[in-house]
Each structure stands twice: as structure tokens, then as C-alpha cells.
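Protein chains in written order, with our numbering: chain W, 1 to 280; chain E, 281 to 401; chain X, 402 to 669.
What follows is the structure, given as C-alpha cells:
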């Protein structure tokens, strides 16, 4: 379990990037959603032990990643959006870097690479950015860390690769693993998420399971204004709205609409409803 | 599987299950994929599959055998038909009724148009 | 792996992790070192043949100088792995990372260089006794200067040299571990600055010695025994080395401590 307790972090210049973040992330696939500059990268850095919290605490299974104990670090892997391997190819990476991670599965690496149409013996320096990203994602999943942090994994991937990414994540993640996918766009992975965290200007506005969202809220699209909408937007000739409780003719969770609603501040009831029963 | 955004995911999974039953991929009396297996093959999260399976259980289409998993009922194809009817009444028809109210369309107009539709067939 | 105590296995994994960079450095530095040895050998051999030895002594000095700089290259395997986030989150404790770095730059790498140098010396000694380049050059210099005992000065300067070199290497390591970008270049800059400071200190020591020995007055007065005076000068310089050595030693300790601290607490 990954927990954030009153976590705050500021840059050296004093700019407060994260303000009093409190959340508990259970095993499963978690969406960390927020606009650029909201503090997502900092939150991931703190979870990975790359940054050390000054105020508040981060804990993963009872240990603080900031202490950088080998037993903790071998269970965590952070694939930042600018991560590069210093080795010749991905198999060399698996031999030299992967040796530190006891859960590395070479068979999974081979099949992931194959699913992306790669052999793994391509020289990393000569690969295009997109193909290198795919190689690294294939590798990150094969490391099978208990906590996997992916920063914008779908960035730079073509449509087919994004579809394969969704299948790969679903296939490779075990029941005891926690994956946090950080993004500012929803990008085709919506149906995978078990939980969602919404970060806006350094504050965690929402931390809730998608099961709770489906149970407590309905998402409706209609050509007519929607009655008793908690939040409504117009899109051309359509009205998109969030209503209380599931609607029999509603649609799938509209993460973008939910994000707009919460960030706009015009629908505080939505947060209240989601917080009901003491769940955050 | 690619999911649409205009319908709850779990309902699309129920539709998918209906398709498997009618198409013969899932045979009556036999074991169906576990929640996790189906979640991975559709690349969707497990609780959504669980919700779909809950509905299928409610409709008596699949049966849970403790310790062994989910099995397809012997009369599944008939139940699927009944389920599709129920889905139509619950979702499609409710939507139609909402629109009728909003646009001020009466049931008689609907009946008349339906009769024209049948006559043209 | 679960055990957080210092693990030899993990230190071995660190060596393995840096092995591509290490291999590259060993090849380059090995080649350059052997080239430097060849220069020294050539300089010594030529010096003994021709008594007009100015240019050949220079070649010997160049060789010796290059050999000195090769020793400093140890820390530069670190910036060859440019992904600093990767290093910070690598599952090894800060103490294991420190043991790896310091064992490499102060023990393993210098040992490799020593093996190469003395191996070359050994092989060449089968053909000529000029192979023992440093000894031969010292003897030759002594002959040239008419029997001055340069050995005392050479020996006392040796500790100073070792400490000086080690402190420079430690400073380079500190710079490399501390800065976020341009680690390679800034490491080199650190070395250059350090050797400039060392040169400055050498100048200062030289001036102090000259003043202390009243060289100017004695020269003006026309000293009776120039060789004895030269010997006295050398002994004075030899005497100054311990003080400079202390400074180098302090610098070495400070750099090591700061490097360890930086590895423990760095933020990426």
C-alpha cells in the first residue's frame, strides 16, 4: 500500500509544488490525472525515492522510499518520460540494471517486446523515440516491481501501440502490484483504472476508486439539457452531464468531464458524494 | 476489445457475453472465463467484469460454483434472449420515453409510426 | 536482496553495472599509459646516449606527466552513465555505492595502472636496464648536477605526490557526484582548477624557501660552495613537503566526506 500523509514539497526557489497531499493507493492500476505543472512528476519522484519529502511522509509497505533502502528500491521502478538506458540494447539493460530487481521476468520481457514488434537486440541509440519508449515500457513491466510508476506511457505511441499497451498492462500486472499511470490526457487506457487521483495546482482534489464512481455517479449525454445535473457541459448540440447515482441509460465514466467538474469548483457536491461512507 | 464511451463498460461486457453465448463460444453447462481471465483478455479492470458477472448471475445466465468458478446455465440462450429484452426495456425504452417527454411526443404518434414501419416491411 | 546490510553481492552488481564504462576506460587509459611509458623510455634511452639531454628530459617529463593524468581518470566512469535518476534509485545502499566508488578510484583502477606500468617495465627490462625509467632518470639527474642527493627530496615528495593526486581524484569525484549536468566537463574543470591551485602552492612554497634560505643575499655575496648550497636548498624544499602534504590530506578527507554525504541525500 502506498500512502501519502500530509505530504508537501517545494522547489528550491520556494515554489510550493505539492500541498498537503493525503491518499492511500491500494494495489491495482491507478490514474494520476492533472494538468501540466500540477505536481504529478514531483509526486512520482517522491514515491520513487528520487526526491525526499521535507514535510509529511510517503510510505510504501511501511518503508519510506526516501530512505532508499535496497529492499524498498528493488520493489519500486519509476519510468519517467525522459528515462534513458545507458546500455547498448534492452537485453544488456536487463542484464546489468535488471540484476538489481529480483522479480525481473525474462520471458515476460521477450513476449512484451514481441507484442510491440521488437526483438530487443535493436541498438537503443538508433531507435526512434516512440520505439525506444515501447522498449522501455516492455522492460518496466517485465521488472514486475511491486510499485510501478509510469509517466505518460502512451505519449508518442501510435494508435495500435496504445491498444497493445492497454492489453500489455492488463496482462502483466499481478494482483499484488500497484501501478500509477500519470498523464494529463486520458488516452485510451480509461477502462483499466481501478482508482483515480486528481491533482490540481499541487492539491489532491480526489482520490477514489472507479467502482465507487460508477456506483455513485451517472454520466449522461443528451440532446436536451439534463434534469438535476450535478454538473453539465455543452459540446456542440449535446449536453454532457454528471448526475447522482447510476442512470439506466447513462454512459461509461467520462473522466474528462469529471476532471472539468472537479477542477471548475462548481460542483462540490460531487466530491461530497464520492467521499460518502468515509471513503476518500 | 474496444469499448464505446456512450454505454457503461459493464453493460458492454454483458453484451459481449451475450455474443459469446449466442455465437456458441460459451457452451451451456460449461465453465466460462474467470473474472481475471476475462479482464485480461478484454484489457479492462476486474471490478467492471465482476459487475457484469453480477448482472449475469442475477439473470440466471451464469452460476457461481464455490471454489470452481462460473458456469454457463443450461438454458442460457433463452435467458440471454430474456436479458436482451429486459435491457431494451430498461435502457433503450427509458431513453425513448425521456425524449418523448422532452419533445412532447405522445404514445399514439409512436404507435402510428410503428404500424407504418411494420407495413413497409 | 531483502537484507539491507552491506552486501558484497550488490557491490559486485555495481561493478557489473558500470562494466561497459569500466571496459572503455581501461582500454583508453591502458593505451595512453603504455604510450606514456614508451615516451619515458625513449626519453631515458636518448638521454643516456646524448649528453645534450634537454629535449629528451622534456620527453621523459611529458611521459611522466601523462601517466599522472591517467591516474586521475578513475572517477570518470561515473558520468558515462548519464541517467542520474537511474543511479539514485538503483537498489543499493549509499554505503555500498560509496564502497564501490572509492574502491574503484583508489584501489582497483590504480592497481590496474600499476600492473600495466610495472608489467611494461618488467618486459622492457629484459632488453635494457633503462626500463626502470624513474630510477634511471633520478640517477642521471644526480650525475648531471654533480652528485646532489635528489633522492631524499624525491622520496619525501612521493608521499606528497600521492596525497596530492588522491585529493585531486577525490575532488573530481565530488564534483561529478554533486552536479546535475555536464558532469564530465565539470569533473575535468575540477581537476584543472585543483592542479592550478597545487601549482600555485608550489610557487608559494618555492618563494618561501628562497626567502628563508636568504638565497638572494648569499648569491650576491658569492657563496663559497654552490653545491652544498644547492643541496641545502633541496633539503629545505623537502622539509616543506610535509606541510603541503597535510593540506592535501585535509582536502582528501573533506572531499571524501562531502562525497559520501552527497550520495546519501541527493535530490534529483
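Note that CB positions come from ideal geometry on N, CA and C, so glycine has one too.
Paired residues, beta bridge with residue i - DSSP
i: residue 311 of chain E; result: E:351
i: residue 5 of chain W; result: W:57
i: residue 63 of chain W; result: W:60
i: residue 238 of chain W; result: W:235
i: residue 25 of chain W; result: W:2
i: residue 203 of chain W; result: W:200
i: residue 244 of chain W; result: W:217
i: residue 33 of chain W; result: W:183 and W:198
i: residue 222 of chain W; result: W:239
i: residue 344 of chain E; result: E:350
i: residue 612 of chain X; result: The partner list for residue 612 of chain X (beta bridge, DSSP) is empty, contrary to what the question assumes.
i: residue 251 of chain W; result: W:219
Simplified DSSP assignment, three categories, for residue i
i: residue 402 of chain X; result: Low per-residue confidence applies at residue 402 of chain X: pLDDT is 46, beneath 50, and the placement is therefore not dependable, though the value from the model is reported in the following sentence. Three-state DSSP puts residue 402 of chain X in coil, outside helix and strand.
i: residue 18 of chain W; result: strand
i: residue 482 of chain X; result: coil
i: residue 51 of chain W; result: coil
i: residue 77 of chain W; result: strand
i: residue 278 of chain W; result: Since pLDDT at residue 278 of chain W reaches only 48, below the 50 mark, its modelled position is unreliable, and no value is offered.
i: residue 151 of chain W; result: strand
i: residue 197 of chain W; result: strand
i: residue 231 of chain W; result: strand
i: residue 658 of chain X; result: helix
i: residue 116 of chain W; result: coil
i: residue 580 of chain X; result: coil
i: residue 590 of chain X; result: helix
i: residue 209 of chain W; result: strand
i: residue 10 of chain W; result: strand
heavy atom of the ligand MN below 7 Å from residue i C-beta
i: residue 574 of chain X; result: Inclusion of the ligand MN in the displayed structure is not the case, the ligand content being empty and no account of it being possible.
Cα-Cα separation between residue i and residue j, rounded to whole angstroms
i: residue 639 of chain X; j: residue 631 of chain X; result: 12 Å
i: residue 346 of chain E; j: residue 245 of chain W; result: 31 Å
i: residue 329 of chain E; j: residue 213 of chain W; result: 15 Å
i: residue 29 of chain W; j: residue 211 of chain W; result: 12 Å
i: residue 493 of chain X; j: residue 534 of chain X; result: 43 Å
i: residue 646 of chain X; j: residue 568 of chain X; result: 10 Å
i: residue 581 of chain X; j: residue 563 of chain X; result: 29 Å
i: residue 290 of chain E; j: residue 146 of chain W; result: 28 Å
i: residue 131 of chain W; j: residue 445 of chain X; result: 57 Å
i: residue 610 of chain X; j: residue 70 of chain W; result: 54 Å
i: residue 573 of chain X; j: residue 482 of chain X; result: 16 Å
i: residue 5 of chain W; j: residue 604 of chain X; result: 58 Å
i: residue 325 of chain E; j: residue 193 of chain W; result: 6 Å
i: residue 335 of chain E; j: residue 300 of chain E; result: 16 Å
i: residue 278 of chain W; j: residue 578 of chain X; result: Low local confidence applies: a pLDDT of 48 at residue 278 of chain W is under 50, so the model's placement there is unreliable, with the coordinate-based value given in what follows. Near 47 Å, if we compare the C-alpha coordinates of residue 578 of chain X and residue 278 of chain W.
i: residue 402 of chain X; j: residue 97 of chain W; result: Caution applies to residue 402 of chain X, whose pLDDT of 46 falls short of 50 and renders its modelled position unreliable; the model cannot decide the point.
i: residue 216 of chain W; j: residue 327 of chain E; result: 15 Å
i: residue 306 of chain E; j: residue 367 of chain E; result: 20 Å
i: residue 204 of chain W; j: residue 38 of chain W; result: 9 Å
i: residue 458 of chain X; j: residue 661 of chain X; result: 41 Å
i: residue 498 of chain X; j: residue 505 of chain X; result: 11 Å
i: residue 495 of chain X; j: residue 148 of chain W; result: 22 Å
Neighbourhood of residue i by C-beta distance below 7 Å, restricted to the same chain and skipping five residues each side
i: residue 10 of chain W; result: 16 and 17
i: residue 667 of chain X; result: 489
i: residue 186 of chain W; result: 255 and 256
i: residue 125 of chain W; result: none
C-beta contact flag for residue i and residue j at 8 Å
i: residue 295 of chain W; j: residue 480 of chain X; result: Residue coverage of chain W in this structure runs from 1 to 280, which leaves residue 295 of chain W outside it and unanswerable.
i: residue 182 of chain W; j: residue 19 of chain W; result: no
i: residue 339 of chain E; j: residue 298 of chain E; result: no
i: residue 49 of chain W; j: residue 198 of chain W; result: no
i: residue 76 of chain W; j: residue 60 of chain W; result: yes
i: residue 412 of chain X; j: residue 524 of chain X; result: no
i: residue 270 of chain W; j: residue 261 of chain W; result: yes
i: residue 175 of chain W; j: residue 144 of chain W; result: no
i: residue 477 of chain X; j: residue 514 of chain X; result: no
Nonlocal neighbours in the same chain, by C-beta distance under 8 Å from residue i, ignoring five residues either side
i: residue 440 of chain X; result: 460, 461, 463, 464 and 467
i: residue 433 of chain X; result: 467 and 471
i: residue 348 of chain E; result: 311
i: residue 108 of chain W; result: 141, 142, 144 and 172
Cβ neighbours of residue i in the same chain (closer than 6 Å, five flanking residues each side left out)
i: residue 46 of chain W; result: 53 and 58
i: residue 309 of chain E; result: 354
i: residue 280 of chain W; result: Bear in mind that the predicted position of residue 280 of chain W carries a pLDDT of just 46, short of 50, making it too unreliable to give a figure here.
i: residue 318 of chain E; result: 329
i: residue 517 of chain X; result: 431 and 434
Interface residues of chain C facing residue i [CB-CB closer than 7 Å]
i: residue 320 of chain E; result: Of the protein chains in this structure, namely W, E and X, none is chain C.
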